[in-house]
Every structure is written in structure tokens, then in C-alpha cells.
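For reference, the structure discussed in these notes is given below.
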Amino acid sequence: MANSKLTTYLILIICFCFTVPSTGNVSKIPVENSLVQDKEPFVGVNIGTDVSDLLSATDLVSFLQVQKISHIRLYDANQDILKALAKTKIRVIISVPNNQLLAIGSSNTTAASWIDRYVVAYYPETLITGIAVGDEVLTTVPSSAPLLLPAIQSLYGALVAANLHTQIKVSTPHAASIILDTFPPSQAYFNQSLTSVMVPLLQFLSRTGSPLMMNLYPYYVFMENKGVVPLDNSLFKPLTPSKEMVDPNTLLHYTNVLDAMIDAAYVSMKNLNVTDVVVLVTESGWPSKGDSKEPYATKDNADTYNSNLIKHVLDRSGTPLHPEITSSVYIYELFNEDLRSPPVSEANWGLFYSNSTPVYLLHVSGSGTFLANDTTNQTFCIAMDGVDSKTLQTALDWACGPGRANCSEIQPGESCYQPNNVKNHASYAFDSYYQMEGKASGSCDFKGVAMITTTDPSHGSCVFPGSKMVSNKTRTVLNSTEVSGAAERLKFNTFHGSQISATTVAFCILLLIPFVTTR
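Right, here's the structure in full:
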């Protein structure tokens, strides 16, 4: 019996020691839940819904969790998504569409009803951090400008009544064009025709601790100023001192366009005697595809911009004018919105296709856990859906011919010959070329008929080249873009999935000492 008790006690100690979670890897949730009071700057994503086959709300939220996306902005207040976000710790900005400004701006009752329906009904289980009232109202629907501040004030009053005004901030996103003479930043100012709106709006933001929301796109600055603004400055590429932009009035050096745009906003606010409002970048990004008039809308440039943007924000280096303040940024956008009207770039701002496969692979290694869509060893190149057989055959012939891909496995009788169709054979050949080229940028394109995926396309006895390079023994991998049940799988921690803290180990040793010494 004594031995039995001793064994039982030892087992309990071991179980305790190896099931206590490490605190070292646990994300700390900020005490405050407001946009401005996040302890660290963050990168979030915008989620547009002009998508022909958008994921269901449940699958969308699971996908966000797998991708480690913790901040999102919606262009409405989709109740299915708000419900699915409950208890996920994902923070969300909800929006009042421009076409609802009249009703909310002219009726406190309507504003209170909106807050009850879309905020009170879901908060705090769903972490709503802000309300974006309209979108670029002053420049896209200037006739609604007189309604903007009344709508904001009515919604804020409803939040006060619900005692949520300190947790949830109210503001409105602006287009960069409300600021004139943005470079040098020291000479920037708000369009004077908007002064009657901007002055009381900024005073409201200052009084309530809310951010100035700005949609800032270095892509458009570059396109509108080609020959003046270098591409490297727009893409956050490392610059020699001679290529840095210098503000002649402050002698501050600017290594990238976005910092200059942010500082232009701070200077513009200062010119209206407001110095305590933080800039929140509610949209920024770079398109991955464009028409003949948009030659710089490429996957390489989109990858470079967004990867460097993420690193820049998470480096917490601030701007030349305000190195102590790093603006958080919401990338535009999560998915390509294929239903958007021309130009072509309008449908190609997304990090992912609507089927949740990445448009390109971000290079954000070392920038924490944000986005599983990072360069990893587990990526493949496959044929896109919906491409006609003749076009695929041409790309397949090039890959197996001039491209020198290893196409032996798709010959008759070989392991990847079945199913015997052009798409299957092209996918294998594309992946062979992609892996042979070291997954170099541009090696998975084939004139627009190929795409990168993190889903292993191997099947049956057919093992794709990417799988062979990862492991010759097994091809069982975690698909980082799989949404079904993915969030649940991530909840389990095993020995190799978490670390045991030094304190826990020391405590366990102390518990075991009596047994060692008595023996």
C-alpha cells in the first residue's frame, strides 16, 4: 500500500508539473479595450464583402484565428460576424454605412436604437473597440458633411447612456485628400473648405480620446507623382541617405511615404490647435494586379509593401516628427473583392483569395505571430480554378520544356498521372518548377494561371515536390488556411506546443526531493 501511495503521489506531481501552462507564451490582454489605449501598436485587416463566395461567419472567424489576426474592421455591423466573434478576443471596429448617416444624424432615438442593436447586444462578449461613422464622407459624399458630426455625437451620446463611451471610441475615416501639400509634412494643412467641419470634429476627438481615422495609400501617392516620388520610398525599401526625403523646414529625414503622410496629418491638426489626437490608419495597402495603366500593381510590390508595413508598425519606431507614437494600421484588405468594378486593381487588394488561399506569401518572419500567411517551408504552386484547358496546356508545356521542371511523375503509369487531366498535371509541373526555383518571387505565376497555396495538393500515392522537400517520410501537415475546426485544434497544447516555465520546474524538483533523499 505504501508503494501504491508513493506511486500515486509521484504521478500527481508529474501530471501537475507537465500540465501547468507556461506564462511566457501567453498573450496578455490589455486592460483597456479602446482603440487608443492598446498598449502596443497593432496591424489589423479590413474585411470587405464584395466577394462572390465569402466564407460563412463561423468559418471566417476560424480563419482569422488560424491567421493570428486580432484586429479587424468591418464596413457595416454584420450581426452574423459579430455573433461569431463572441469570446474570441478578436477586436473589431464596426461601421455605419454612408447611407445611414441621415437617419442617425437627425435622430437621437435612431442612434440609440443602432447602439442597442449592434453594440449593446454583443458587447462585451464581442470586443467592439470602435465605431467608424461613414467612410470618406467629406470627399465622396460632401453633401452629407453637415450630418457627419451630429451622427457621431448622437452615437456617442447613446454610448454614454449605455456606459460604454470609455471602452468604445467613435470617429470617422477620411481620405488622404482632405490634407493639402502633404510634402513636406511641415507645410501640410487641411483643405480650408472643410474647416467648418474639421474644427468641431477634432475638438470632439480630443475631448473623447478618440483617434483621427485616416485612409493612407502610398500607392496612389506614387502613381500620381511618378518621377517625383521614388518607388522604393513608397515600398519601405531600405534607402541610402541621399535617397531619403528631407523636410527643408524641420530637416527631418523620411525613409518612407507613409510616415510622411502620417506626420502631415499631425501638422494639419496642430494648425487647428489640436495636439492630443492620435492618428489611426484605417486603410493602407497595395494592389497585386492591375490593368495596362497600372503596371506597378504587382504581387511582388504588394508583398514588399505589406510585409514592410507590418514590420514597420511592429518595430514601434514611430515617425520622424513623433518617434514616441506609432500609429496602428489596418491593411486593406483581407480578401480580393472580385465583385468590385474596374479598374482591375479594385478587385485585387486582398492578402487572400476568397477561398482563403494566399494571393502571395508575406515575408514577416520575426514580426511575432501575426498572420500565418508567412513564408514557410510548406507552400506549393498549383493551377488556378477556372482556367481553360488550352491556356493551362500551354503553361504546362513551358514548365516541362523550357522551364526544365521535373515532369516524370505525371507520365503514363507514374504515381501522379491520375487523374489524367490538364489541371492536375499542370499543378504538379508548376510546383516542380516553383520548388526548383527556390520559391523565388514570380516563380509561381505562369502568366496568371498559377497560385501559391499552403494546402498540400498531394493525393494518394502522388506526393508533390513541395512535400518531398519538407519530409521524405510523411506528408501529414497542418494546413494553415484550413478553416473547418481549425480554431478548435489550436486550443490544445502539448509538450512541444508550449514551454514549461523555470519556476514550475524548480517547484517540481522541490516536491520530488523528499523521495530522492529517502531512497
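Those letters in the sequence shown? Residues 339 to 857, by this note's numbering. Cβ atoms here follow ideal geometry from the backbone N, Cα and C, with glycine treated the same way. Predicted model only: the values in this text are computed from it and were never measured.
Local conformation of residue i per DSSP, three classes
i, result
"C738", "helix"
"T793", "coil"
"V389", "coil"
"N384", "strand"
"R654", "coil"
"S822", "Low local confidence applies: a pLDDT of 31 at S822 is under 50, so the model's placement there is unreliable, and no value is given."
"S433", "strand"
"L647", "helix"
"F718", "strand"
"Y604", "helix"
"E684", "helix"
"V787", "coil"
"Y413", "coil"
"Y668", "strand"
"V612", "coil"
"H763", "helix"
"P661", "coil"
"F673", "strand"
"E747", "helix"
"L398", "helix"
"Y772", "helix"
"L440", "helix"
"T620", "strand"
"L700", "strand"
"V584", "strand"
Whole-Å CB distance - residue i paired with residue j, under 8 Å assumed
i, j, result
"P556", "S509", "Not a contact, Cβ separation roughly 22 Å."
"G468", "K507", "5 Å"
"S753", "P795", "With 8 Å as the limit, S753 and P795 do not qualify as a contact, their Cβ atoms being about 13 Å apart."
"L518", "N529", "6 Å"
"S679", "A635", "Contact doesn't hold; Cβ gap of about 16 Å is too wide."
"P658", "D570", "Contact doesn't hold; Cβ gap of about 17 Å is too wide."
"Y698", "W687", "The pair is not a contact, with the Cβ atoms about 12 Å apart (cut-off 8 Å)."
"M561", "H512", "Not a contact, Cβ separation roughly 20 Å."
"V457", "L502", "7 Å"
"L439", "L476", "Not confirmed; about 12 Å, so no contact."
"A733", "K777", "Contact flag wrong, Cβ pair sits at about 18 Å."
Other residues of its chain near residue i: CB distance less than 7 Å, five sequence neighbours each side excluded
i, result
"N639", "L573 and W624"
"S645", "L700, H701 and V702"
"P586", "P522"
"K829", "Annotation note: pLDDT 29 at K829 (below 50); position unreliable, coordinate value reported separately. Hits under 7 Å: none found."
"S758", "The sequence given here has Asn at residue 758, not Ser. Nothing listed; no residue qualifies."
Euclidean distance between Cα positions of residue i and residue j
i, j, result
"L577", "I385", "32 Å"
"A470", "S400", "24 Å"
"L554", "A603", "10 Å"
"A685", "K627", "8 Å"
"P661", "P523", "15 Å"
"Y460", "T695", "30 Å"
"I516", "E621", "15 Å"
"L543", "E463", "26 Å"
"S799", "S805", "12 Å"
"Q505", "K637", "38 Å"
"N817", "T793", "In this predicted model, N817 has a pLDDT of only 32, less than 50, meaning its place in the structure is not dependable; the value taken from the coordinates is given anyway. Looking at the two C-alpha atoms, the distance is approximately 5 Å."
"Y771", "A721", "12 Å"
"D641", "T447", "46 Å"
"W452", "I419", "16 Å"
"L393", "T387", "10 Å"
"S433", "Y668", "14 Å"
"M599", "P480", "22 Å"
"G780", "K631", "20 Å"
"I648", "Q749", "44 Å"
"K728", "M774", "25 Å"
"G739", "C745", "9 Å"
"M583", "V567", "9 Å"
"S580", "L412", "41 Å"
Chain-order list of residues whose beta-carbon lies under 6 Å from that of residue i (same chain, five-residue window excluded)
i, result
"I535", "It should be noted that the sequence gives Val, not Ile, for residue 535. Cβ within range, chain order: A483."
"D601", "P523, T657 and L659"
"P681", "D629"
"V760", "S727, L730 and Q731"
Sequence-distant residues of its chain with Cβ nearer than 8 Å to residue i (five each side left out)
i, result
"S444", "L485 and P488"
"S666", "L373, D376, P379, F380, V381, G382, H409, L618, V619 and V651"
"V389", "F673, N674, E675, D676, L677 and S692"
"I428", "V399, L402, Q403, I407, S408, H409, I410 and L465"
"E474", "P511, H512, A513 and N553"
"Y422", "It should be noted that the sequence gives Ala, not Tyr, for residue 422. For A422, where only same-chain residues beyond five positions count, the Cβ hits under 8 Å are A395, T396, L398 and V399."
"D336", "Since the displayed the chain opens at 339 and closes at 857, residue 336 lies outside it and no answer follows."
Test: residue i CB closer than 9 Å to a CB of chain B
i, result
"M774", "Within the model displayed, chain B is absent; a lone protein chain is all it includes."
Residue i beta carbon near the ligand GTP (any heavy atom closer than 8 Å)
i, result
"I442", "In the structure on display, the ligand GTP does not appear, and there are no ligands present to speak of."
May I have a chain-ordered list of the beta strand (DSSP E) segments no shorter than 3 residues that lie completely inside the region 502-569?
Runs of beta strand (DSSP E) with 3 or more residues, each lying fully within the region 502-569, are found at 507-509, 511-513 and 550-553, listed in chain order.
Beta strand (DSSP E) segments (min. 3 residues) lying fully within the region 445-504:
Those beta strand (DSSP E) runs which fall completely within the region 445-504 and span 3+ residues are 465-471.
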